[in-house]
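Heads up, the thing below is written out as structure tokens.
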Amino acid sequence: MFSLPATRAIALRVLREVFRDTRSRTFVAVVPGVLVVFVRYLFDSGEAFSPTGAMMIGVFPAMSMYMVASTLVVRERNRGTLEAVLATPAGRRELVGGYLAASLVICMFQAVFTVGLGYSLGGVQTESPWWLLGVVTLLCALFGTALGLVCSAICQTESQASQLVPGFMVPQLIICGVFWPVAKMSDWLQSLERWMPFSPITRAMTAAREHSYGGMELVTELTAMSVLTALSLVGAAAVIKRRTA
9 MFSLPATRAI ALRVLREVFR DTRSRTFVAV VPGVLVVFVR YLFDSGEAFS PTGAMMIGVF
69 PAMSMYMVAS TLVVRERNRG TLEAVLATPA GRRELVGGYL AASLVICMFQ AVFTVGLGYS
129 LGGVQTESPW WLLGVVTLLC ALFGTALGLV CSAICQTESQ ASQLVPGFMV PQLIICGVFW
189 PVAKMSDWLQ SLERWMPFSP ITRAMTAARE HSYGGMELVT ELTAMSVLTA LSLVGAAAVI
249 KRRTA
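Numbering (the numbering used here), first residue to last: 9 to 253.
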């Protein structure tokens, strides 16, 4: 039976660990928004930056949460904390639920800060209201967390988890349309982009920018992102069970 007190205790422990470290605190809460502002000044105006900026507001938080989450399970396994937790009534469901609950709190701060900087200093202009982009950004960051938990559960060491960043995340960042329009890519790259996990992020943010309240395209992409998030969390729980049995 799912235990809410155990889930809450795990979430609080993860939050203490993240916010206790100044580097982690800065990386997850501040860096995505600051990067959006830096890239803004590579463009002549906020209007010219808006197509790229809207996608970055979704992609950068997802990437930062992926990188944080991708070391969580590995670190706890190496410390012996993971086996100790799974030996208690708090099983793998409570463990993944606690990670997700802690990530939700972090992602809320992150989404507010990133969207706020994107609109105020980045000059991003969208057809949808700012709060809708905040909600979409929050979901994007949670999706990044879920992907990171899967990778963390698979990896044996933090070094292996770190190596997945250039091998798994950077190609997505290049191909998903942030730096170059997908429509101008080669046909085979466009076909590959459709299967990239980050594609729903860039498409959802683009839909929110181009259409008032995103339209059906936003609903479709958020549905795809939610399904992938759920599958990733189930996969992470299954892998954690197998590797710690």
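Built from N, CA and C at the ideal position, the CB exists for glycine as well.
With 16 other Cβ atoms within 10 Å as the buried cut-off, status of residue i
| i | result |
| --- | --- |
| Asn165 | Checking the sequence shown, residue 165 turns out to be Thr, not Asn. So Thr165 counts as exposed. |
| Ser72 | buried |
| Met233 | buried |
| Glu8 | Outside the displayed span of the chain (9 to 253) sits residue 8, for which this structure offers no information. |
| Pro205 | buried |
| Glu55 | exposed |
| Thr214 | buried |
| Val82 | buried |
| Pro13 | exposed |
| Thr34 | exposed |
| Met177 | buried |
Nearest neighbour of residue i, chosen from the options [CA to CA]
| i | options | result |
| --- | --- | --- |
| Thr210 | Ser136, Gln168, Leu226 and Val247 | Leu226 |
| Ala70 | Phe57, Thr228, Gly106 and Pro208 | Pro208 |
| Phe57 | Val67, Phe68 and Val44 | Val44 |
| Val235 | Val123, Gly66, Ala154 and Trp139 | Ala154 |
| Leu103 | Thr214, Arg31, Ser11 and Thr228 | Ser11 |
| Gly131 | Arg48, Thr79, Trp196 and Leu141 | Arg48 |
| Pro40 | Arg28, Cys115 and Thr237 | Cys115 |
| Arg101 | Leu150, His219 and Arg16 | Arg16 |
| Arg21 | Val143, Gly185 and Tyr107 | Tyr107 |
| Ala246 | Ala161, Leu23, Ser53 and Met224 | Ala161 |
| Ser220 | Leu125, Pro137 and Val113 | Pro137 |
Cα-Cα separation between residue i and residue j, rounded to whole angstroms
| i | j | result |
| --- | --- | --- |
| Ala191 | Ile18 | 44 Å |
| Val76 | Ala62 | 22 Å |
| Ala216 | Ala244 | 30 Å |
| Cys163 | Val26 | 20 Å |
| Thr134 | Met64 | 13 Å |
| Ser194 | Ile183 | 11 Å |
| Val38 | Val123 | 11 Å |
| Trp139 | Val42 | 19 Å |
| Val36 | Trp188 | 25 Å |
| Leu141 | Ser32 | 24 Å |
| Thr79 | Cys159 | 8 Å |
| Phe68 | Val242 | 24 Å |
| Leu150 | Thr237 | 8 Å |
| Leu239 | Pro179 | 22 Å |
| Arg250 | Thr60 | Confidence is the limiting factor: at Arg250 the pLDDT is only 49, short of 50, which leaves the residue's position unreliable, though a coordinate-based value still follows. The alpha-carbon atoms of Arg250 and Thr60 are separated by roughly 41 Å. |
| Gly222 | Thr145 | 13 Å |
* Determine, using beta-carbon pairs with one atom in the region 158 to 178 and one in the region 117 to 137, whether at least three such pairs fall under 8 Å. => no
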